[in-house]
Structure formats: structure tokens, C-alpha cells
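For the sequence shown, this note's numbering begins at 299 and goes up steadily by one.
A virtual CB, placed ideally from N, CA and C, is assigned to each residue, including glycine.
Please read all numbers here as calculations on a predicted model, not as lab measurements.
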Amino acid sequence: MTHLIRKAVFPVAGLGTRFLPATKASPKEMLPIVDKPLIQYAAEEAVAAGIKELIFITSSSKRAIADHFDKNYELESELEKHGKKDLLEEIQGVIPPDVFCVFIRQPEALGLGHAVWCAKPAVGNEPFAVILADDLIKDSGRGCMTQMVEIYEEHGASVLGVEEVPREETNKYGIVATQQLREGLSEVSEIVEKPDPADAPSNEAVVGRYILTPRIFELLEKTPRGAGGEIQLTDAISMLLAEEKVLAYQFEGTRYDCGSKLGYLIATVEYALQHDKLGPDFREYLESQFCEVPARRSAGG
Numbered sequence: 299m300t301h302l303i304r305k306a307v308f309p310v311a312g313l314g315t316r317f318l319p320a321t322k323a324s325p326k327e328m329l330p331i332v333d334k335p336l337i338q339y340a341a342e343e344a345v346a347a348g349i350k351e352l353i354f355i356t357s358s359s360k361r362a363i364a365d366h367f368d369k370n371y372e373l374e375s376e377l378e379k380h381g382k383k384d385l386l387e388e389i390q391g392v393i394p395p396d397v398f399c400v401f402i403r404q405p406e407a408l409g410l411g412h413a414v415w416c417a418k419p420a421v422g423n424e425p426f427a428v429i430l431a432d433d434l435i436k437d438s439g440r441g442c443m444t445q446m447v448e449i450y451e452e453h454g455a456s457v458l459g460v461e462e463v464p465r466e467e468t469n470k471y472g473i474v475a476t477q478q479l480r481e482g483l484s485e486v487s488e489i490v491e492k493p494d495p496a497d498a499p500s501n502e503a504v505v506g507r508y509i510l511t512p513r514i515f516e517l518l519e520k521t522p523r524g525a526g527g528e529i530q531l532t533d534a535i536s537m538l539l540a541e542e543k544v545l546a547y548q549f550e551g552t553r554y555d556c557g558s559k560l561g562y563l564i565a566t567v568e569y570a571l572q573h574d575k576l577g578p579d580f581r582e583y584l585e586s587q588f589c590e591v592p593a594r595r596s597a598g599g
């Protein structure tokens, strides 16, 4: 089967100020969750959805990301020489050989909308995914982007990954108003960037997963600076609503807000508890130091 969504954009040019000083010289997307960096989890999610081209929107301080997805001949040679085949296979399998990486420099930090617009030369005139690596989504089944690709292939419309958030936190997200089509799937009638709780049209938030039609590029070109003085992707999607159907999909899975220190720590602990090799020993350690550790949370949240 030919997949309609072949390309994914990863906006990774942000400064990661909430994690300073850890991110002074290393991108926040390279922060590890147990034994893999956040950006690798995001790339693996895209690849699992059948995506073949990974487009990274970077800045001059994000060279570590390109290095991570590049070959390291010296390291591979050393691992092979010392017979460490398992580790060699792991680093050679960071991305499959039929998946390609493209790196585009964002010249100025002008927001998520501008970062997505920078991908236009690589995306061209086709629908594409956008994945924010610091929204880590764990699903024991198909994966969040796989679910969204299936929705796109069924409906042929832009899809936003959403979940309900506490009303007092609507000022941290793009918030949508929707009309339900079926359980978990709605049509978006309005989208607002970071509204005050009193003004929010709902508590349904867009959380770092998008599938967008190429029309968004033309709309981003004429999107004025919005919240925070940045070009907001939310504002361009709001204009897209006047021309095309946009869907909101409540994905199956648990989201970890790894853009916050608390969310990052929670993800680290829960991924460690579920790790095939480390999980049992880590659980035993936590229970010996603190108390009985609850059974692992289901991936359905």
C-alpha cells in the first residue's frame, strides 16, 4: 500500500530554556529517557507510521541532532572490533536504511509556525506530519502518528492530536472547539492559541501531533506575529478552517510533557519501570527506598 503521508517535520530549533543549564550546549531533544533521546522516540514513531523522510528544522546550536542520526564510523568500528554486536545493531538501527533525514536551518527563532514554514522546500505540495519531540506519547499498540495517518487516509483532511487538559491550563496550549463525529474524532470549528481559562472555547488541547495539508504553507506566509511575538501555527490553522475541514483526534496513549522538568522526570521513571531489561531491578530499588510502587499505568492513560 502506498502511504499518503511520507514526510514528517520535527521543529527542533528552540532554545530549551526551561532545562538550562542542561541545554546550554545540548539540545533539549537530545535529553535521554532511559537510554534513548527524545528525538529518537519521535523519529521511531514517525517511521512506525510508514513515514520515509524526516525533516528536522534546526538552529546553529543543534548539531548534535544531525550527528545522532548520522553514521559514526569510528564508534561502529570499535564496537565491531570488540564484539559488541548488540550495541552495534542498536546504533545502526537508529533509523532504517530506507528512511532519509533532511536538515533545514531556521534562520530566526520566530515560533512554531515559522519553523513549519521553513520545511516547505522539502515537503513540497503534499500532506505531511508535524511531531514535537518533547510531547512523548507512549502507546502499547499502533503509536500515535500511525493512528493519525489512518484518520487522514480515511478522511483526507488535516488532523490535530488532542487531549483534555485541566481548565486552568488552557493558557499553555492551542485550544479547539469541536463538533463530535464519532467517539474520539471531531471536526474543529475554532482554534485559539493559549486562551485564558475564562475565554477558552473548551479544555481540548492540541498536543504536539499534526497532519496538515500543503495549503498551510501559503497561509503561514501571510500569518502575522501572534502570541509571544511569534508566528503561531495555531493562527494559520484557524485560517485553514475557513477553507478546509480540520479534524481533532483524541489519540490512544499516554502523553508525557517532557518540555517541563516534572513531566520529564515522570516519563523517565515510568519508561524505566517498563524497560525490558531494567524494569524489574528499578522497581525493586524504588520499593526498597520508598514504598510499594503502583503497577504500571496502561498506555491508554
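Check, Outcome
"What are the partner residues of D579, as DSSP defines its beta bridges?", "D579 is not bridged to any residue."
"K305 to F317, Cα distance in whole Å?", "29 Å"
"Exposed or buried, what is D579 when buried is set at 16 or more other beta-carbons lying within 10 Å of its beta-carbon?", "exposed"
"Return helix, strand or coil for C442, following the three-state DSSP convention.", "helix"
"Run through the stretch 321-360 for me and flag every whole beta strand (DSSP E) of 3 or more residues, listed as ranges in chain order.", "351-356"
"Rounded to a whole number of angstroms, what is the C-alpha to C-alpha distance between L313 and E406?", "11 Å"
"Are the Cβ atoms of T468 and P495 separated by less than 8 Å?", "yes"
"Taking the beta strand (DSSP E) that F515 falls in, what are its first and last residues?", "No beta strand (DSSP E) holds F515; the alpha helix (DSSP H) holding it covers 513-519."
"Cα separation between W415 and V310?", "13 Å"
"Under 8 Å between C-beta atoms, does R403 make it to chain D?", "Annotation note: the requested chain D is absent from the structure, which comprises a single protein chain."
"Return helix, strand or coil for G482, following the three-state DSSP convention.", "coil"
"Given a cut-off of 8 Å on the beta-carbon distance, is the pair C556 and A565 in contact?", "yes"
"Alpha carbon to alpha carbon, how far is R581 from G524?", "46 Å"
"List the residues that DSSP assigns as beta-bridge partners of A427.", "A306, I509"
"Taking 6 Å as the limit between beta carbons, can you name the residues of its chain near K575, skipping five residues before and five after?", "none"
"When DSSP builds the beta bridges, which residues end up paired with K436?", "T552"
"Assign C589 to buried or exposed, taking buried as 16 or more other Cβ atoms, counted over all protein chains shown, within 10 Å of its Cβ.", "exposed"
"State buried or exposed for R520, treating a residue as buried only when at least 16 other CB atoms are found within 10 Å of its CB.", "The question names Arg, but residue 520 in the sequence shown is Lys. Exposed, by the Cβ-count rule."
"Which term fits K436, buried or exposed, when burial requires 16 or more other beta carbons within 10 angstroms of its beta carbon?", "buried"
"Spatial neighbours of H573 within its chain, please: C-beta separation below 6 Å, excluding the five flanking residues on both sides.", "V332"
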